[in-house]
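Chains A and B, in that order, are what the protein sequence lines are.
If you're matching positions, the first sequence starts at 1 in our numbering and goes up one per residue.
If you're matching positions, the second sequence starts at 1001 in our numbering and goes up one per residue.
What follows is a set of notes on a single structure, which appears directly below.
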Amino acid sequence: MPHIVFQNLHVEYQGHTGLNNISVSIPDGQITAIIGPSGCGKSTLLKSINRLLDLTEGTRVTGSVLIDGRDAYAPDADLLHLRKKIGFLAQRPYPLPMSIYDNVAFGPRIHEMTTDEMHALALRIAAGQHAEPVLHANERPCDALVRHCLAAAGLWGEVRGRLRQPASCLSIGQQQRLALARALAVGPEAILADEPTSALDPLSTQLIERQLCALRGSYTILIVTHILRQARRLADYLLFMYMGTLVEHGPAHTLFSNPSHPETRRYISGEIS
Amino acid sequence: MSRARRVTERAMIVLMQLALACVAGCALLIVGTVLVRGLPALSWEMLTHLPRGGFYLGKSGGILNAIVGSLLLAGCATAAAAVVSLPVAFALQREYVPRTAARIVTIALDILWGTPSIVYGAFGFMLMMLLGVGASLLGGIIALTLLMLPIMVRAMSEVIATAPRDLKETAYALGATRFETMRHVLLRQTLPGLVTAVLLAFGRGIGDAAAVLFTAGYSDRIPRTLTDPAASLPLAIFFQLGTPIAAVQQRAYASACVLLLIVLAVSLLARVLAARARRFTIR
């Protein structure tokens, strides 16, 4: 699991400050929730890890995001390797314009994973899920990997008979779980989730939360949420942000029961939202 | 709602309906005239035979040379233009080239789009003279390719720009390169629109007379090599309408019918292909 550390991270969008000097270390193998009012920089902080911020024109980043001690913003940083290591779930799930199977197999194909690598990854995912034997008779490693990723995302039972159908046929809740399966298929060590349930119904939300909880321990998970109850349900560790600044962070139960900063207290009590 | 607002609302709706009826009426009038005047003259012999001696004076023969010539000219030019246009259309997106460069190229393409096709013909003619080649299939293909390029690039570029930004972000987040994102994600997502862009350019190319007048020339034979002159349906229509013989003039409308049918067939084929491709696109 990668150890993620923010060091004096400062982000500006065309002169406007998005993040102000953030320094914090993210606990490994736990679920860390980033909470705070809208526009406080939660998603910016999340997208700074896998450098999706690079896609936004006029963004200037200073400071560093250390992943296993290596700066993601170093000039010689391998961006593609970084993104392979860090899975990402967006606010609104976007299936790729291909079949359900190809969506999950997309990552292994572009990263040219060997059959041994796929087999090893399928084993790792299955071990995390306490799932059935890795390879069925005559099953190709890629098929096994797709099956285990879909199972780990809680989707295998619903799609096993229609893997060749367009992914766009799935419900939005299923699409979000497909996004999770697709992220797992490249063998990430951390998962970033940017309000992954904001577009989902309560049942789908419950399923996604259940899957994230099941992945706890095997992956370092960072989730952005504006739903305090969700943060209470999921988070082991909490970051509270306000106006681009990291106001307070600590174990979730401590922060919820005994916040030390007045802004945190006001946010948790619902005075600011 | 006040009376004035109600009247304005009603007037605008009537105006829009009138405009719609006007456009539909014009289209029906053109197609109707061509069909009414052309269908009686259309025969199997006309479609399957080359012009014989005295064809343009009312004797027997057909326009097979022009049908094959037009399909070769427009088909090859469409293929050549598509091969060049697709990378250019992708290059015009924000991620691939600096914004200023994209703007300059876009302005240049807009100017080229508005350039009359005779200018392309004259340019193609000059190019053929420089290369020491006379009016030929190759010359016609080059002129039509140049004519189609700005149409295809601009149409493709607009289609690609409509792809959801989050879709690209999804591919990048998985560690895909810009080329992989373009090849595996954007191309699939925008394929139905790209097919339409190709069709639009094909329709423009196959119906153009001025660009091929000097470059492809005209011949009563089917071209066997790229350096042979090639007939085309627009020029066949032009020559047939130019005669004072009524029967030949009627053949011009029959040739126009053939041109319409080709465009209709290609359009239907493109719609079928686009519908297939749309099955996987994200809405």
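Backbone N, C-alpha and C fix where the C-beta goes; we use that ideal spot for every residue, glycine too.
Q) Can you name the residues of chain A whose CB is closer than 8 Å to the CB of B/Gln1093? A) Chain-order list of chain A residues neighbouring B/Gln1093: empty, with the shortest C-beta distance near 12 Å, by a criterion of under 8 Å.
**Q.** The alpha helix (DSSP H) enclosing A/Gly18, as first and last residue numbers
**A.** For A/Gly18, no alpha helix (DSSP H) encloses it; the enclosing beta strand (DSSP E) starts and ends at 16-26.
Q) Would you call A/Ile172 buried or exposed, if buried means 16 or more other Cβ atoms sit within 10 Å of its Cβ? A) Exposed: under 16 other Cβ atoms inside 10 Å.
**Q.** Length of the line joining the Cα atoms of B/Gln1189 and B/Thr1196
**A.** If you draw a straight line from the Cα of B/Gln1189 to the Cα of B/Thr1196, it is about 13 Å long.
Q) Hey, quick one: how far does the beta strand (DSSP E) through A/Ile86 stretch, first residue to last? A) Start and end: 86-89.
(Q) With the cut-off set at 8 Å, would you say A/Phe106 and B/Leu1050 are in Cβ contact? (A) The Cβ-Cβ distance between A/Phe106 and B/Leu1050 does not fall below 8 Å.
Q: Determine the direct distance from the alpha carbon of B/Ala1277 to that of A/Leu246, and round the result to whole angstroms.
A: Across the structure, A/Leu246 and B/Ala1277 are spaced so that their CA atoms are roughly 46 Å apart.
Q: Would you tell me roughly how many angstroms separate the C-alpha atoms of B/Ser1136 and B/Val1263, rounded to the nearest one?
A: Cα-Cα distance, rounded: 23 Å.
Q. A/Arg83 versus chain B: which residues are under 8 Å apart at the beta carbon?
A. Ordered by position in chain B, the residues that pass the 8 Å Cβ test against A/Arg83 are Tyr1172, Ala1173, Leu1174, Gly1175.
Q. Where does the unbroken beta strand (DSSP E) through B/Pro1150 begin, and where does it stop?
A. For B/Pro1150, there is no enclosing beta strand (DSSP E); the enclosing alpha helix (DSSP H) covers residues 1137-1161.
Q: Taking B/Leu1199 and B/Leu1235 to be in contact with their CB atoms under 8 Å, please state how far apart those CB atoms are, rounded to whole angstroms.
A: The Cβ separation is near 22 Å, so there is no contact.
Q | Cβ neighbour criterion (16 or more within 10 Å) applied to B/Phe1202 | A | Burial call: buried.
Q) Can a CB atom of chain B be found closer than 8 Å to the CB of A/Leu178? A) Cβ-Cβ to chain B under 8 Å: no for A/Leu178.
Q: Measure the CB-CB distance between A/Gly36 and A/Tyr267 and report whether it falls below 8 Å.
A: In contact: A/Gly36 and A/Tyr267 (Cβ atoms closer than 8 Å).
**Q.** For B/Leu1233 and B/Ser1255, believed in contact at Cβ under 8 Å, the rounded distance
**A.** Beta-carbon to beta-carbon, B/Ser1255 and B/Leu1233 are separated by about 6 Å, close enough to satisfy the 8 Å threshold.
Q: Would you be able to state if there are at least three C-beta pairs under 8 Å between the region 1219-1227 of chain B and the region 1058-1072 of chain B?
A: Three or more beta-carbon pairs drawn from the region 1058-1072 of chain B and the region 1219-1227 of chain B are found closer than 8 Å, and the two stretches are therefore classed as touching.
Q) Which residues in the same chain as B/Leu1112 place their Cβ atom closer than 6 Å to its Cβ, once the five residues preceding and following it in sequence are excluded? A) The answer, listed in chain order, is Pro1150.
Q) Quick one: does B/Leu1167 have its CB under 8 Å from some CB of chain A? A) Chain A places a beta carbon closer than 8 Å to that of B/Leu1167, counting this residue as a contact.
Q.
Quick check on B/Gly988: buried or exposed, where buried means 16 or more other Cβ atoms within 10 Å of its Cβ?
A. Chain B is shown only over 1001 to 1283; residue 988 of chain B falls outside these bounds and no answer can be derived.
Q: Determine the contact status of B/Ala1216 and B/Leu1073, defining contact as a CB-CB distance below 8 Å.
A: A contact, by the Cβ cut-off of 8 Å.
(Q) Between the region 87-104 of chain A and the region 161-175 of chain A, can you find at least three pairs of beta-carbon atoms closer than 8 Å? (A) Per the Cβ contact rule, the region 161-175 of chain A is in contact with the region 87-104 of chain A (3 or more Cβ pairs under 8 Å).
Q. When you compare each of A/Arg177, A/Ile223, A/Ile67, A/Ala77 to A/Ala151 by their alpha carbons, which one comes out closest?
A. Checking every option, the nearest Cα to that of A/Ala151 belongs to A/Arg177.
Q. Helix or strand or just coil, what does DSSP make of A/Pro262?
A. Three-state DSSP puts A/Pro262 in a helix.
Q. Three-state secondary structure (DSSP) at A/His226?
A. Here A/His226 sits in coil by DSSP.
**Q.** Test: B/Thr1225 CB closer than 8 Å to a CB of chain A
**A.** Not an interface residue.
Q.
So that I know if they touch, is there some Cβ in chain A lying closer than 8 Å to that of B/Thr1281?
A. Yes - at least one Cβ of chain A is within 8 Å of the one on B/Thr1281.
Q | Chain-order list of residues whose beta-carbon lies under 6 Å from that of B/Ala1171 (same chain, five-residue window excluded) | A | Result list for B/Ala1171: Thr1181, Val1185, in chain order.
Q) Taking Cβ-Cβ distances below 7 Å as the criterion, which residues of the region 162-178 of chain A are in contact with chain B? A) So the close ones are Pro166, Ser168.
Q.
Just checking: is the beta-carbon of B/Glu1180 within a distance shorter than 8 Å of some beta-carbon in chain A?
A. Yes, because at least one Cβ of chain A sits closer than 8 Å to the Cβ of B/Glu1180.
Q | Residues that DSSP places opposite A/His10 in a beta bridge | A | A/His10 is bridged by DSSP to A/Thr62.
Q | Supposed close pair A/Asn50, A/Ile86 - CB separation, criterion 8 Å | A | That pair is a contact at about 4 Å.
Q | Whole-Å CB distance - A/Leu180 paired with A/Leu46, under 8 Å assumed | A | About 16 Å; that fails the 8 Å criterion.
Q) Under a three-way DSSP split, which group does A/Ala190 fall into? A) For A/Ala190, the secondary structure class from DSSP, reduced to helix, strand or coil, is strand.
Q.
Against B/Arg1188, what residues of chain A qualify as contacts under a CB-to-CB distance less than 9 Å, listed in chain order?
A. Correct list: Leu96, Pro97, Met98.
(Q) Looking only at its chain, what residues have a beta carbon closer than 6 Å to the beta carbon of A/Gly154, apart from the 5 residues adjacent to it on each side? (A) Within the same chain, A/Gly154 has close Cβ partners Arg177, Leu207, Gln211.
**Q.** Cα-Cα separation between B/Val1258 and B/Ser1157, rounded to whole angstroms
**A.** Their Cα atoms are separated by approximately 31 Å.
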